[in-house]
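A short worksheet on the structure shown next.
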Amino acid sequence: MGCGTGGCSSGGCSTGGCNKLNTYDWLGMMELPAYMKPFDVIEVRFKGTRKEYYRNSHKLDITLNDVVVVELENGYDIGKVSMKGELVKLQLKKNGLREDEEFRKIIRRANDSDVQRWKENQELEVPTMYKARTIALQLGLSMKLSDVEYQGDRRKATFFYTAEERVDFRELIKKLADAFKVRIEMRQIGYRQEAGRLGAIGSCGRELCCSTWLTDFKMVHTSAARYQNLSLNPLKLSGQCGRLKCCLNFELDNYLEAMKDFPEGDHIKIELANGVYKLIKTDILKRLMWFVPEFEFGGDWLSLSTDQVKSIQAQNRNGEKPEIAAPKKEQKKVVEFEFKNDMGTGDLNRLDARNKNKNKNKNRNNRNKIRNNNNNPNKPKN
Numbered sequence: 014m015g016c017g018t019g020g021c022s023s024g025g026c027s028t029g030g031c032n033k034l035n036t037y038d039w040l041g042m043m044e045l046p047a048y049m050k051p052f053d054v055i056e057v058r059f060k061g062t063r064k065e066y067y068r069n070s071h072k073l074d075i076t077l078n079d080v081v082v083v084e085l086e087n088g089y090d091i092g093k094v095s096m097k098g099e100l101v102k103l104q105l106k107k108n109g110l111r112e113d114e115e116f117r118k119i120i121r122r123a124n125d126s127d128v129q130r131w132k133e134n135q136e137l138e139v140p141t142m143y144k145a146r147t148i149a150l151q152l153g154l155s156m157k158l159s160d161v162e163y164q165g166d167r168r169k170a171t172f173f174y175t176a177e178e179r180v181d182f183r184e185l186i187k188k189l190a191d192a193f194k195v196r197i198e199m200r201q202i203g204y205r206q207e208a209g210r211l212g213a214i215g216s217c218g219r220e221l222c223c224s225t226w227l228t229d230f231k232m233v234h235t236s237a238a239r240y241q242n243l244s245l246n247p248l249k250l251s252g253q254c255g256r257l258k259c260c261l262n263f264e265l266d267n268y269l270e271a272m273k274d275f276p277e278g279d280h281i282k283i284e285l286a287n288g289v290y291k292l293i294k295t296d297i298l299k300r301l302m303w304f305v306p307e308f309e310f311g312g313d314w315l316s317l318s319t320d321q322v323k324s325i326q327a328q329n330r331n332g333e334k335p336e337i338a339a340p341k342k343e344q345k346k347v348v349e350f351e352f353k354n355d356m357g358t359g360d361l362n363r364l365d366a367r368n369k370n371k372n373k374n375k376n377r378n379n380r381n382k383i384r385n386n387n388n389n390p391n392k393p394k395n
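Okay, so the sequence shown: first residue is 14 according to this note's numbering, each after it adds one.
This is the structure we're talking about:
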C-alpha cells in the first residue's frame, strides 16, 4: 500500500531511502555561474508513480526529500521534493511541458502538523480500502478496488480500480461519499499499473520492475518468447499482473541481432555424405545449431556453427555432399559398488552398558547428597 513517504510501492520505508523512480541529480554538485538564476520549477512526488511540477514563487529554501505543501484547485496537497534545479528542465521537455507554463505554486514547507496529518492520511488508506471493497461487493459491481489515495487536506479520496468491462459506479460514489464524508474520484488503471502500485516479488526473486524503476509499459507479444526459444507456457510467461512479463522485451534486441547470422527458413535440412540431417535445436547466443538424422531414429546429434551450416548449404546447392565426422562418444566409466555386510560387527549389549553406567552415576550422586545433608549443622531436626 505504499511506504511512509509515498515514494515506493513495496512498503517499509519512512525516511525516503527507497529508490522508487529516483533520478540522480548530476548537476547538483556543479555551481551555476553568477549570471544564472536557479530554475524555480520543482518536481514533487506523491504516492506511487505520480509526479507533478510546481513553481517556487516564494523563493523558499527547499532541498531534496523535503515535505512541502502545494496548492490545488480546491484545497492543498502534501508531497515530497524529488528534483530541483536545471535537471527539471529536461524532465519538462521529456513530458512535453514548456518552462513558461502556468504551474501551481508551492505554499510552504510542511510543518509538524502537516506531517502529522499526512501520516494520518496514509494510515487511513488501508481501512478505507477494506470498507470500500465491502460496499462494492454489496452492490455487485464487477470491478476490483486496488488502491486509494487521500488528498493532503483530506477533502478528496481517489480510488484506483481495474475492470474488464465498463462499470456504472454512480451508486458506489454516493455510498462512499456518505461513508467517508469526502469527495470521491474513481480512476481506472491497467493491470500493469496495478501491479506497479501494489508491488510484489517476481519469479526471479527480486521486486517487480514496474514497482521499482519501470514506467514505460510497452506491448509484449508471444513472439518475444518464441524468438528466445522459451516454452510457451502461460504460467511461466505471465507476471503478477496476469499479463506477459515485461522482462521478455529486455533482451529481445540481442536475440534479434544474433538471429541475423542464422540461415533463413523454419525447416532447415542439410545433406551430408552419410545422409540427410534436419534441424532440431538452436542456441541463438552461442550461434550453434544441432542436427539429427532425418530417417534414423535415435541418431547422434551433430553440433554445427552458423558459418558451417551456411557453407554446407552452399555446397548442397552445387550438388556436393560434404563429409563431417560424427562426434566421438565418450565412454562412461562403470562404477562398481562393493557390498559390505556389517551385520553382527557391533556389540548388541553396548546400550545396556551405557544405561548401567548411567544408573551407577545416579546412585553415587544420591549417596553424596545424603552425606552432605547429614553433615550440615544448620539442618533443622525433626
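Backbone N, C-alpha and C fix where the C-beta goes; we use that ideal spot for every residue, glycine too.
Can you pull the DSSP bridge partners for Tyr66? Position 53 of the sequence shown, counting from 1, holds the residue named residue 66. Its beta-bridge partners are Glu56.
Reduced DSSP secondary structure (H/G/I, E/B, other) of Val195: Within the sequence shown, the letter at position 182 stands for residue 195. Val195 falls in the coil class under three-state DSSP.
Could you pull out every unbroken alpha helix (DSSP H) segment of at least 4 residues lying fully inside the region 185-238, listed in chain order? 204-211
Distance, Phe52 Cα to Cys31 Cα: As a working note, residue 31 is residue 18 in the sequence shown. As a working note, residue 52 is residue 39 in the sequence shown. At Cys31 the pLDDT is 48, less than 50, meaning the model places this residue with poor confidence; the figure from the coordinates comes in the next sentence. If I take the Cα positions, the gap works out to 26 Å.
Hey, is the region 257-271 in contact with the region 230-246, meaning 3+ C-beta pairs nearer than 8 Å? yes
Closest to Glu198 by C-alpha separation, out of Tyr163, Leu221, Arg210, Ser318, would be which residue? Position 185 of the sequence shown, counting from 1, holds the residue named residue 198. For the residues Tyr163, Leu221, Arg210, Ser318, the minimum Cα distance to Glu198 belongs to Tyr163.
Evaluate contact between the region 212-230 and the region 168-179, counting only Cβ atoms and requiring at least three cross-stretch pairs below 8 Å. no
Nearest-angstrom Cα distance between His71 and Leu100? Counting from 1 along the sequence shown, the entry for residue 71 is found at position 58. Counting from 1 along the sequence shown, the entry for residue 100 is found at position 87. Those two C-alpha atoms are separated by around 20 Å.
My output table needs one value for Thr295: the three-state DSSP class, helix, strand or coil. Counting from 1 along the sequence shown, the entry for residue 295 is found at position 282. Note: Thr295 maps to strand in three-state DSSP.
Buried versus exposed call for Val83 [16 or more other C-beta atoms within 10 Å across all chains shown]: Here residue 83 refers to the residue found at position 70 of the sequence shown. Val83 should be labelled buried.
For a test of the three-state rule: what should DSSP assign to Trp303, helix, strand or coil? The residue given as residue 303 occupies position 290 in the sequence shown. Correct three-state label for Trp303: strand.
Using beta-carbon positions only, say whether Val81 and Arg117 come within less than 9 Å of one another. As a working note, residue 81 is residue 68 in the sequence shown. As a working note, residue 117 is residue 104 in the sequence shown. Going by C-beta atoms, Val81 is not nearer than 9 Å to Arg117.
Contacts around Arg200, its chain only, beta-carbon distance under 8 Å, and the 5 residues preceding and following it disregarded: Translated into the one-based positions of the sequence shown, residue 200 becomes position 187. Correct list, in chain order: Thr171, Phe172, Phe173, Tyr174.
From the DSSP secondary-structure annotation, give me the bridge partner or partners of Ile283. On the sequence shown, position 270 is the one that residue 283 refers to. Looking at the DSSP assignment, Ile283 forms a beta bridge with Tyr290.
6 Å CB neighbourhood of Asn378 in its chain, flanking five on each side removed: Walking along the sequence shown from the start, residue 378 turns up at place 365. For Asn378, where only same-chain residues beyond five positions count, there are no Cβ hits under 6 Å.
Any chance the region 125-136 sits against the region 150-159, with 3 or more Cβ pairs inside 8 Å? no
Contact between the region 325-339 and the region 270-287: three or more CB pairs below 8 Å? yes
Once the 5 residues before and after Asn381 are set aside, which same chain residues still bring their CB inside 6 Å of it? As a working note, residue 381 is residue 368 in the sequence shown. Taken in chain order, the list of residues that qualify is empty.
Own chain residues within Cβ distance below 7 Å of Leu298, not counting five before or after: On the sequence shown, residue 298 is found 285 positions in, with the first residue counted as 1. Result list for Leu298: Ala271, in chain order.
Could you check the C-alpha separation between Gly98 and Phe59 for me, to the nearest Å? For this step, residue 98 is matched to residue 85 along the sequence shown. For this step, residue 59 is matched to residue 46 along the sequence shown. Between Gly98 and Phe59, the C-alpha separation is close to 19 Å.
Taking only three categories from DSSP, how would you classify Ala145? Your numbering for residue 145 matches position 132 in the sequence shown. Ala145 falls in the helix class under three-state DSSP.
Drop a sphere of 10 angstroms on the beta-carbon of Lys208, count the other beta-carbons inside from all chains shown, and report buried for 16 or more, exposed for fewer. Against the sequence shown, residue 208 aligns to sequence position 195. Per the sequence presented here, residue 208 reads as Ala, with Lys not at that position. Buried, by the Cβ-count rule.
Compute the Euclidean distance between the alpha carbons of Leu227 and Asp266, then round it to the nearest angstrom. As a working mapping, residue 227 is identified with position 214 in the sequence shown. As a working mapping, residue 266 is identified with position 253 in the sequence shown. If you take the alpha carbons of Leu227 and Asp266, they lie about 18 Å apart.
Member of Met49, Phe310, Asp320, Gln326 whose CA lies at the smallest distance from the CA of Ile281: If you number the sequence shown from 1, residue 281 lands on position 268. Nearest C-alpha to Ile281: Gln326.
According to DSSP, which residues form a beta bridge with Ala170? The residue given as residue 170 occupies position 157 in the sequence shown. Bridge partners of Ala170: Tyr163, Ile197.
What residues in its chain sit with their C-beta under 6 Å from that of Leu8, if we drop five residues either side in the sequence? Because the chain here runs from 14 to 395, residue 8 falls outside it and cannot be looked at.
Which residues bound the alpha helix (DSSP H) around Val101? As a first step, residue 101 is located in the sequence shown; it is residue number 88 there, counting from the start. Per DSSP, Val101 belongs to the alpha helix (DSSP H) from 100-107.
Given this structure, state the Cα-to-Cα distance separating Leu248 from Lys273, to the nearest angstrom. Along the sequence shown, read from residue 1 onward, the residue named residue 248 stands at position 235. Along the sequence shown, read from residue 1 onward, the residue named residue 273 stands at position 260. About 30 Å.
Name the residue from Tyr67, Gly153, Leu221 whose alpha carbon lies nearest to the alpha carbon of Asp113. To locate residue 113, count along the sequence shown from 1; it is residue 100. Asp113 has its Cα closest to that of Tyr67, out of Tyr67, Gly153, Leu221.
If you run the structure through DSSP and keep just helix, strand and coil, what is Ile325? Your numbering for residue 325 matches position 312 in the sequence shown. Helix at Ile325.
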